[in-house]
Amino acid sequence: MSYNFLPHLAYIPYIKKVMIGKTGVLIVNLGTPDSPSVPDVRKYLREFLMDGRVIDIAAIPRWLLVNLIIAPFRSPKSAKVYKELWTEKGSPLKIYGEANEKQLQKSLGDEYVVKLAMRYQSPSIENGLKAFQEMGLKNIIVIPFFPQYASASTGSVYEEVMRIVTKWQIIPEITFKNNFYHYPKFINAFANNGRKHLENDEYDHVVFSYHGLPARQILKGDCTGKTCQLGSCCDTVHALNQHCYRAQCFETTRLLVKELGLKEGTYTTCFQSRLGRDPWVQPYTDDIVNELAAKGIKRVLAFSPAFVADCLETTIEVAEEYREIFEEKGGEHWKLVESLNDSEAWIDLLVELVKE
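Numbering (this note's numbering), first residue to last: 80 to 435.
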């Protein structure tokens with residue numbers, strides 16, 4: 080018996096090298112419907128909006144609101160918009176995500192296993208983590224694709240990952256990347272994309288439009304209960320507001336303004352995509368668009384630095400809907416700066432996030 084076992088000892092170094100030394104990298108974006116059909120859009124909206132971190136009200140009212148009002152009535156309208164966005168290969172968000180998975184895997188090499196996941200729909204976080212579990216990896220790095228931290232985005236990814244792994248008998252070391260809005264590679268990448276437009280054309284004003292959040296979510300994130308005023312408290316980032324989404328957005332703007340050399344008064348920070356009657360973080364992008372046109376501003380360059388991949392909120396909302404509003408009010412030219420998508424600069428930043 081002992082002699083039969085000895086030959087297997089030769090495989091132990093190989094097993095250690097191939098499996099134990101590897102690190103799993105889970106890259107996570109928000110998600111997208113499987114198709115632009117009404118049933119698939121309705122399914123996506125239900126999963127997305129039933130997340131208690133997205134609509135942060137009691138479970139029963141949330142269920143009634145989502146399943147009896149929002150999903151049934153909003154799905155047909157959203158499906159039309161998704162059809163405008165869809166390409167022959169599918170959803171841009173998923174296409175860029177799949178490209179990022181391959182690019183990052185190639186850049187990191189065999190010591191890492193990279194998996195793409197979506198917080199909602201497919202490929203799921205659960206399936207990505209299950210693949211890592213079956214490989215018996217040494218540790219896992221989770222990188223949500225959200226530059227600024229928000230409970231409804233990054234926080235939701237954390238919660239879903241922890242919900243899954245807490246059921247495992249053996250939980251490996253897990254590292255979460257909280258945000259990366261202030262990383263030089265992130266700022267440089269977005270600034271370089273914008274610089275191409277600024278050098279080739281003239282603009283009267285620059286708009287930095289970030290995804291909005293209900294004001295109550297920002298206030299709930301104030302651990303002191305006294306720091307957040309939804310105003311000048313976001314003029315700097317410090318120990319008491321370092322996790323505040325609004326503060327991080329304004330800091331992102333300040334860093335981009337410095338990198339681009341923009342003059343005071345030639346740019347505005349604002350927030351888009353509000354829903355419902357409750358107040359959201361301000362100023363609102365659509366209000367700013369109207370104000371700029373009323374002031375006689377004719378040419379605007381728009382950034383969306385809360386998104387690393389162009390999607391419905393950038394390609395349709397910022398690039399098309401706001402352009403239409405601007406031109407209807409007398410504006411002449413509205414241009415969206417492309418996001419990081421599948422650029423080399425974005426992959427370089429991801430590599431840095433992994434290897435920190």
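No residue lacks a Cβ here, since even glycine has one placed at the ideal position from N, Cα and C.
- Sixteen is the threshold: since fewer than 16 other Cβ atoms of the shown chains lie within 10 Å of the Cβ of residue 302, the residue is exposed.
- Burial state of residue 375 is exposed, judged by a 10 Å Cβ sphere holding fewer than 16 other Cβ atoms.
- Three or more Cβ pairs closer than 8 Å define a contact, and the region 284-294 meets that threshold against the region 356-367.
- Rounded to the nearest angstrom, the Cβ distance from residue 278 to residue 378 is 14 Å, too far for a contact under 8 Å.
- Between the alpha carbons of residue 367 and residue 349 lies a distance of about 7 Å.
- Note that the region 309-317 does not touch the region 250-260; fewer than 3 beta-carbon pairs, one per stretch, sit closer than 8 Å.
- A direct Cα-to-Cα measurement between residue 322 and residue 234 gives close to 11 Å.
- Here residue 173 has 111 as same chain residues with Cβ atoms under 6 Å from its own Cβ, once five neighbours each way along the sequence are excluded.
- Only residues of its own chain outside the window of five on either side were considered, and among them 383, 386, 415, 418 have a CB closer than 7 Å to the CB of residue 393, listed in chain order.
- The C-beta distance from residue 339 to residue 273 rounds to 6 Å, short enough to fall under 8 Å.
- With contacts defined as CB atoms closer than 8 Å, residue 208 and residue 236 fail to qualify as a contacting pair.
- At a cut-off of 3 residues, the continuous stretches assigned as beta strand (DSSP E) that sit fully inside the region 185-218 are 191-199.
- Annotation: residue 217 to residue 422 spans about 29 Å, alpha carbon to alpha carbon.
- With a threshold of 16 other beta carbon atoms within 10 Å, residue 389 meets it and is buried.
- Restricted to the region 395-420, the alpha helix (DSSP H) segments that are unbroken, complete and at least 4 residues in length are 401-407, listed in chain order.
- Taking residue 265 as the centre and dropping the five residues before and after it, the same chain places the C-beta of 226, 259, 428 closer than 7 Å to its C-beta, in chain order.
- Cβ neighbours of residue 326 within its own chain (closer than 6 Å, five residues either side excluded): 313, 316, 320.
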